[in-house]
Every structure is written in structure tokens, then in C-alpha cells.
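Student: Residue numbering for the sequence shown follows the working numbering, starting at 39 and increasing by one per position.
The structure is given below, and queries will be raised subsequently.
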Amino acid sequence: MKRTSSKGSSSHDASCVNCGSPDRPIKAKGYCARCYPIALRLEHTQGWDAFQPTTLRDYPKGFNYSPNHWENDFPRIKEHTIRELKKRLLHFERLEEKLSGRIDGFDVEQKLRHLGMQAGAKRNALPRCTEIFDRSFTLKQRKILFKLLTEMTESIKWDGITLRGFEWHIGNVEA
Ligand SMILES: [Zn+2]
39 MKRTSSKGSS SHDASCVNCG SPDRPIKAKG YCARCYPIAL RLEHTQGWDA
89 FQPTTLRDYP KGFNYSPNHW ENDFPRIKEH TIRELKKRLL HFERLEEKLS
139 GRIDGFDVEQ KLRHLGMQAG AKRNALPRCT EIFDRSFTLK QRKILFKLLT
189 EMTESIKWDG ITLRGFEWHI GNVEA
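Have a look at this one:
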């Protein structure tokens, strides 16, 4: 979902072609500095050719393979990497959509729960508090809180393409 920048309508004001953020400076090819590295990596990955090692740019670390299994494993590794990169781009798009829209108590509760779990808290450590945020906070207040919490969750380092994630996928989807 693309939005119009609140800063005016001059021609250099542009929104990222992926996430639609009007506030993030455009890095290249219409992507903001956050989305561009992922989009570029996706482009590289889509060009991988198992028989041309020079095409294997941004091949994920730790994905060693047995030459005997290469023919079978390579397409799965490539497919998995493409899927994860697309998920990452979608995550940025959804996030900006969320930030530009209405924030309700449930959104704040979910964000707090997510942060708590990242910090090692139990899933049920936070009581249900949707109503507290809906009743005691105005929309503007919820939005401010949600944005601040989002800044924290987004500062958590992305795991990237991991062998563990690949194996999990293989085990769960292809089993
Ligand atoms: Zn972007």
C-alpha cells in the first residue's frame, strides 16, 4: 500500500517501492535503504546457477553440501532462500502498512508479548491487556506506544537465512 508523503509533493519525494515508507530515503531502484539489500540479495539468488559458481552470490553461510546430493539439495536451498527473502520484504511492507493505519489495544498487547518473548519471558507472562489499551489510551497514545515498541522489535537482529530454518522447513513441509 503506497501512501502520499506528508512532507509535501515535490518530485523527489518518493515512497519505497516495497514497503511504501515515505520517510526512508531511497537507496537504489526505488527501494529504501532497509529494503534494498534484501531486494538485491533476492535478485542475486534468483540468478543462482548450480553449474556456474560465479552466480552464487550471497549464498548463505553454513550451507555446505555433499557433491553427491548437490543436484537434489541445490534447488531446495535456492527455493528456501528466495522464500525467506520474500518473507522479509513482505514483513517490511506489512509493518509500514500497520504503522500508517489504526492501532488498537490488541496490536499493542501483541507487540509487548513479542518483545517479552524475545527477552526470554514466558508466553503467558503478560496478562491479557487489550482492553486496558483500548479503554485507557487514546488512539494517538496507542500509536505512539506502538511505534516506540516497534523500534525496539525492529532493532533485534534478523537471523538471516539459517541452516536450522532450512532444516526445520524440510522437516515440516517436505516430511
Ligand atoms: Zn522499503
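Idealized CB from N, CA, C, for every residue including glycine.
1. If I measure Cβ to Cβ from Lys40 and keep anything under 6 Å in the same chain, skipping five residues before and after, which residues do I get?
2. Are the Cβ atoms of Glu122 and Gly203 separated by less than 8 Å?
3. Taking C-alpha atoms, which residue in Gln148, Gln156, Tyr97 and Arg173 lies nearest to Lys185?
4. Between the stretch 170–180 and the stretch 140–157, can you find at least three pairs of beta-carbon atoms closer than 8 Å?
5. Touch check for the stretch 64–84 and the stretch 162–175: three-plus C-beta pairs under 8 Å?
6. For Leu133 and Ala77, which I take to be in contact (beta-carbon distance under 8 Å), what is that distance rounded to the nearest angstrom?
7. For Asp111 and Asp96, what's the separation of their Cα atoms in angstroms?
8. From the DSSP output, read off the bridge partner residues of Ala163.
9. Is the beta carbon of Ile120 less than 8 Å from the beta carbon of Phe101?
10. For Gly154 and Gln90, I'd like the C-alpha separation in whole angstroms.
Tutor: Result, derived from the coordinates:
1. Here residue 40 corresponds to residue number 2 of the sequence shown, with the count starting at 1. Here the model assigns Lys40 a pLDDT of 46, short of 50, so the residue's position is not dependable, and the following value carries that caveat. Counting only Cβ-Cβ distances below 6 Å, and skipping sequence neighbours, we find Ser53 and Gly58.
2. Stepping through the sequence shown from its first residue, residue 122 is reached at position 84. Stepping through the sequence shown from its first residue, residue 203 is reached at position 165. Their beta carbons are under 8 Å apart, which means Glu122 touches Gly203 by this criterion.
3. To locate residue 185, count along the sequence shown from 1; it is residue 147. Minimum Cα distance to Lys185 is reached at Gln148.
4. yes
5. no
6. For the purposes of this step, residue 133 is taken as residue 95 along the sequence shown, with counting starting at 1. For the purposes of this step, residue 77 is taken as residue 39 along the sequence shown, with counting starting at 1. Actually they do not touch by this definition, with Cβ atoms about 16 Å apart.
7. For this step, residue 111 is matched to residue 73 along the sequence shown. For this step, residue 96 is matched to residue 58 along the sequence shown. For Asp111 and Asp96, the distance between alpha carbons rounds to 17 Å.
8. Residue 163 sits at position 125 when you count from the first residue of the sequence shown. In DSSP, Ala163 forms no bridge with anything.
9. The residue you call residue 120 lines up with position 82 of the sequence shown. The residue you call residue 101 lines up with position 63 of the sequence shown. No.
10. Numbered from its first residue, the sequence shown carries residue 154 at position 116. Numbered from its first residue, the sequence shown carries residue 90 at position 52. Going by the C-alpha atoms only, they are around 45 Å apart.
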